[in-house]
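In this text, residue positions in the sequence shown follow the working numbering: the first is 29, and each later residue adds one. Glycine is no exception: its CB is placed at the ideal position from the N, C-alpha and C atoms. Please read the structure below before turning to the comments.
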Amino acid sequence: MRIAYLITAYRDFDHLSRLIEKILTPETEIFVHIDAKIEYNLSIALKDNDRVHILEDRFLVTWGGFNLTLAFMALMSECRASGTYDQVFLISGADFPLVSNDEISAFVAANKDLIFLEYFEIPYAKWTGSNGGIDRYELEWPVDDIGKDTAEEYAWQQKEAGIRRAFPAGLKPYGGSCWWTMPSAVLEYLCDYFTDNFDWIYPYFRTVLLADEILIPTVIMNSPYKRKVINNNLRYIDWVTGPASPKILTMDDLPLLKASGCLFARKFIPAIDSEVIDQLEQSIMLT
29 MRIAYLITAY RDFDHLSRLI EKILTPETEI FVHIDAKIEY NLSIALKDND RVHILEDRFL
89 VTWGGFNLTL AFMALMSECR ASGTYDQVFL ISGADFPLVS NDEISAFVAA NKDLIFLEYF
149 EIPYAKWTGS NGGIDRYELE WPVDDIGKDT AEEYAWQQKE AGIRRAFPAG LKPYGGSCWW
209 TMPSAVLEYL CDYFTDNFDW IYPYFRTVLL ADEILIPTVI MNSPYKRKVI NNNLRYIDWV
269 TGPASPKILT MDDLPLLKAS GCLFARKFIP AIDSEVIDQL EQSIMLT
């Protein structure tokens with residue numbers, strides 16, 4: 029099975045190196061975007077590996093801004109240019125696998141025509157504080173231009189004044205997790221869609237709050253590929269400490285991680301708990 033991993037990272041580069049080393053096989057290609065504001069260092073073995081591709085074009089990522097979506101687009105474009113894959117996984121540098129590479133390959137072989145994407149219609153009751161997600165796109169949030177706090181104030185001023193905008197015509201809005209798994213054919217469809225429609229996607233979505241959680245679910249669920257979507261992103265993510273960010277996983281979470289049935293989990297920060305990563309790695313080696 030040919031598998032591609034697209035990774036976005038901005039910290040903990042020892043962990044990133046460990047993650048890449050764990051998922052790198054003769055059948056995988058790995059594409060990495062590193063936040064432009066970060067100086068980084070990966071192991072020499074990874075830098076010299078012709079199956080690990082560090083993107084030269086880097087975006088400065090701010091929480092809530094559109095630049096993360098642009099980073100995703102760049103990763104997808106680079107992946108597409110490299111060939112075709114049975115499945116493409118988008119993960120973060122704070123992920124770690126819960127199963128072995130052989131188990132991932134077996135899963136891909138059994139599901140290579142399916143899309144694994146968490147999705148839901150907007151408004152969504154669990155997106156509290158943003159009118160079920162509607163305020164994310166009906167108000168303008170120029171986070172990349174003026175920062176999160178000032179953008180939030182600007183959005184509040186629009187709301188108070190009753191200034192709103194419509195969602196792009198012909199599309200039903202969907203939200204979901206920004207982490208997904210899809211075949212090359214779907215990735216190619218998205219790349220073409222973004223290229224063909226960039227003249228309106230960029231002006232509109234660059235001021236959508238957390239567009240990474242809306243744009244791709246919306247495009248896929250308004251496409252012929254929606255019939256191939258399984259509403260499961262195959263990631264263990266605990267939003268109990270959210271809604272802005274997921275829980276940092278520790279040894280306390282190990283039983284749930286092992287029983288989750290997921291392929292990956294996040295969010296791991298070694299400085300907070302490295303033992304849970306060690307234990308997961310040992311478990312993978314025993315399978």
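In angstroms, rounded to a whole number, what distance separates the CA positions of A179 and Q185? Position 151 of the sequence shown holds residue 179. Position 157 of the sequence shown holds residue 185. Distance between the alpha carbons of A179 and Q185: 10 Å.
Candidates N95, L83, L282, D281: closest to D172 by CA position: On the sequence shown, residue 172 is found 144 positions in, with the first residue counted as 1. D172 has its Cα closest to that of N95, out of N95, L83, L282, D281.
Between the alpha carbons of M249 and Y202, how many angstroms are there, rounded? Taking the sequence shown and counting its residues from 1, the one referred to as residue 249 is at position 221. Taking the sequence shown and counting its residues from 1, the one referred to as residue 202 is at position 174. About 7 Å.
Through-space distance from N225 to S212, alpha-carbon basis: Residue numbering aside, residue 212 sits at position 184 when the sequence shown is read from its first letter. Residue numbering aside, residue 225 sits at position 197 when the sequence shown is read from its first letter. If I take the Cα positions, the gap works out to 20 Å.
Grab me the residues of I297's own chain with a C-beta within less than 6 Å of its C-beta, minus the 5 sequence neighbours each way, in chain order. For the purposes of this step, residue 297 is taken as residue 269 along the sequence shown, with counting starting at 1. Excluding residues within five positions, the ones whose Cβ falls inside 6 Å are I276.
Which same chain residues, not among the five before or five after P274, have their C-beta less than 8 Å away from its C-beta? For the purposes of this step, residue 274 is taken as the residue at position 246 of the sequence shown. Counting only Cβ-Cβ distances below 8 Å, and skipping sequence neighbours, we find I265, D266, W267, R294, K295.
Measuring only the C-alpha atoms, how far is I66 from W208? Stepping through the sequence shown from its first residue, residue 66 is reached at position 38. Stepping through the sequence shown from its first residue, residue 208 is reached at position 180. Using only the alpha carbons, I get a separation of about 25 Å.
Unbroken beta strand (DSSP E) run spanning A32, endpoints: Here residue 32 is taken as the residue at index 4 of the sequence shown, counted from 1. A32 -> beta strand (DSSP E) spans 31–37.
So the alpha helix (DSSP H) V247 belongs to, where does it begin and stop? Numbered from its first residue, the sequence shown carries residue 247 at position 219. Start and end: 243–249.
Whole-angstrom distance between P252 and L6, CA atom to CA atom: Because the chain is modelled from 29 through 315, residue 6 falls outside the range shown and cannot be assessed.
In chain order, which alpha helix (DSSP H) runs of at least 4 residues are fully inside the stretch 187–228? 212–224
Residue(s) in a DSSP beta bridge with L118: Your numbering for residue 118 matches position 90 in the sequence shown. In DSSP, L118 forms a bridge with L34.
Do the stretch 141–154 and the stretch 49–69 make contact, defined as three or more Cβ pairs closer than 8 Å? no
Using a 10 Å radius around the Cβ and a threshold of 16 neighbouring Cβ atoms, would you call A137 buried or exposed? Against the sequence shown, residue 137 aligns to sequence position 109. So A137 counts as exposed.
Could you check if P245 is buried or exposed, using at least 16 other CB atoms within 10 Å of its CB as the buried criterion? Counted from its first residue, the sequence shown places residue 245 at position 217. P245 should be labelled buried.
Among L238, F292, I300, nearest to E309 - alpha-carbon criterion: In the sequence shown, the residue the question calls residue 309 occupies position 281. When only C-alpha atoms are compared, the closest one is F292.
Just confirm the distance between the C-beta atoms of L215 and V60, as a whole number of angstroms; I'd bet it's less than 8 Å. What you label residue 215 is simply residue 187 of the sequence shown in a count that begins at 1. What you label residue 60 is simply residue 32 of the sequence shown in a count that begins at 1. About 17 Å separates the two Cβ atoms, so there is no contact after all.
Name the residue from L284, K176, T235, G198 whose alpha carbon lies nearest to the alpha carbon of T90. Walking along the sequence shown from the start, residue 90 turns up at place 62. The shortest Cα separation from T90 among L284, K176, T235, G198 belongs to K176.
Starting from I58, follow the beta strand (DSSP E) in both directions and report where the run begins and ends. The residue you call residue 58 lines up with position 30 of the sequence shown. Segment 56–62, the beta strand (DSSP E) holding I58.
I'd like to know whether the C-beta atoms of V236 and Y165 end up nearer to each other than 8 Å. Walking along the sequence shown from the start, residue 236 turns up at place 208. Walking along the sequence shown from the start, residue 165 turns up at place 137. Taking 8 Å as the Cβ cut-off, V236 and Y165 qualify as a contacting pair.
Could you please give the first and the last residue of the uninterrupted alpha helix (DSSP H) stretch that includes V80? Start at 1 with the first residue of the sequence shown, and residue 80 comes out as number 52. No alpha helix (DSSP H) holds V80; the beta strand (DSSP E) holding it covers 80–82.
Within the stretch 237–311, ranges of the alpha helix (DSSP H) (whole runs, at least 4 residues): 243–249, 282–287
What is the C-beta distance between D141 and K256, in whole angstroms, given that I count them as a contact (C-beta under 8 Å)? What you label residue 141 is simply residue 113 of the sequence shown in a count that begins at 1. What you label residue 256 is simply residue 228 of the sequence shown in a count that begins at 1. That belief holds up - the Cβ atoms of D141 and K256 are roughly 6 Å apart, short of 8 Å.
For R79, which option in N129, G289, I31, R86 has the closest C-alpha, if you only look at C-alpha atoms? Translated into positions along the sequence shown, residue 79 becomes position 51. Considering only alpha carbons, the answer is I31.
Spatial neighbours of Y232 within its chain, please: CB distance less than 7 Å, with the 5 preceding and 5 following residues excluded, ordered by chain position. Taking the first residue of the sequence shown as 1, we reach residue 232 at position 204. Excluding positions up to five away in sequence, the list reads P196.
Go to R46, then tell me how far its alpha helix (DSSP H) extends in each direction, as first and last residue. Within the sequence shown, residue 46 is the residue found at index 18, counting from 1. Counting along the chain, the alpha helix (DSSP H) containing R46 begins and ends at 41–51.
Thinking C-alpha only, which one of N129, I150, D227, L103 is nearest T56? As a position in the sequence shown, residue 56 is number 28, starting the count at 1. Checking every option, the nearest Cα to that of T56 belongs to N129.
How should G157 be labelled, buried or exposed, when 16 other C-beta atoms within 10 angstroms of its C-beta is the threshold for buried? Translated into the one-based positions of the sequence shown, residue 157 becomes position 129. Label assigned to G157: exposed.
From K187, M210, I191, L243, pick the residue whose C-alpha is nearest to that of Y221; which is it? The count along the sequence shown starts at 1 and reaches residue 221 at position 193. Taking only the C-alpha atoms, the option nearest Y221 is L243.
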